[in-house]
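*Asks:* Residues 77 to 239 (my numbering) are what the sequence shown spells out, left to right.
Using N, Cα and C, we set each Cβ at its ideal position, and we do this for glycine too.
Remember, predicted model here, so these are calculated numbers, not experimental data.
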Amino acid sequence: MTTHKYWGKVEQDWAGFSSDITFSNLFFDEQEVEIFLGEEFDEEGEEMEEPPTEDQLAQFEETYQNFIVNIETILERIQNKAYERYLKLYAHFYEDSEKSGEPALNIGSVDKHNENIKEIMYLRVLDEKTIKLSIRYKLDTEHGLEFKFVDGQIKNVGGIAET
77 MTTHKYWGKV EQDWAGFSSD ITFSNLFFDE QEVEIFLGEE FDEEGEEMEE PPTEDQLAQF
137 EETYQNFIVN IETILERIQN KAYERYLKLY AHFYEDSEKS GEPALNIGSV DKHNENIKEI
197 MYLRVLDEKT IKLSIRYKLD TEHGLEFKFV DGQIKNVGGI AET
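1) Quick one: what does DSSP say Lys175 is sitting in, helix, strand or coil?
2) Whole angstroms are fine: how far does the CA of Tyr159 sit from the CA of Lys194?
3) Tell me the rounded alpha-carbon separation between Gly184 and Thr78.
4) Ile150 to Phe112, Cα distance in whole Å?
5) From what residue to what residue does the alpha helix (DSSP H) around Gln141 run?
6) If you reduce the DSSP assignment to three classes, tell me which class Leu198 lands in.
7) Would Ile147 and Asn192 be called neighbours here (beta carbons separated by less than 8 Å)?
8) Could you pull out every residue in the same chain whose Cβ sits closer than 6 Å to the Cβ of Glu137, ignoring the five residues on either side in sequence?
9) What whole-angstrom Cβ distance do Gly92 and Gly114 have, given they're in contact under 8 Å?
10) Val233: which of Gly84, Asn182 and Ser210 sits nearest, CA to CA?
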């Protein structure tokens, strides 16, 4: 275990190293979400054994604080990208009752789609000003939805562990 002035206790957890700090936001129904610091696995696919260094923790602090300061813009981007992904990959199925065997969902806007992206699984702060936000996507719980941010900008959207 390591202690940091911002992160508090940093200790090994179920998916890497986590801290005392949690993430919450009204958009995500104020659920308290665990923040992981650094990668879960090393280059050989083994669980990380060493906690992040002081320098890494300081960089993670800066990255996370930048994320929080810009959260409203980031949330807007998440909502728009999630809806675009829905239109590209899922709408052909969920909006066609013959394909889905269910009534069409009639998700015709970002706002209507937002109810499907409200549950965060966790947030991971990484090197090089990178954050990954993993969401349990109601329309595809098997793959979920993950956003990779680099320096506050969405760089990739995919299923969990695909970004």
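*Replies:* On the basis of the supplied data:
1) helix
2) 13 Å
3) 48 Å
4) 19 Å
5) Glu130 to Val145
6) Correcting the residue type first, residue 198 is Tyr in the shown sequence and not Leu. In the structure shown, Tyr198 sits in a strand (DSSP, three-state: E or B).
7) In this structure, the beta-carbon distance from Ile147 to Asn192 does not fall below 8 Å.
8) Tyr82
9) 6 Å
10) Answer by Cα proximity: Ser210.
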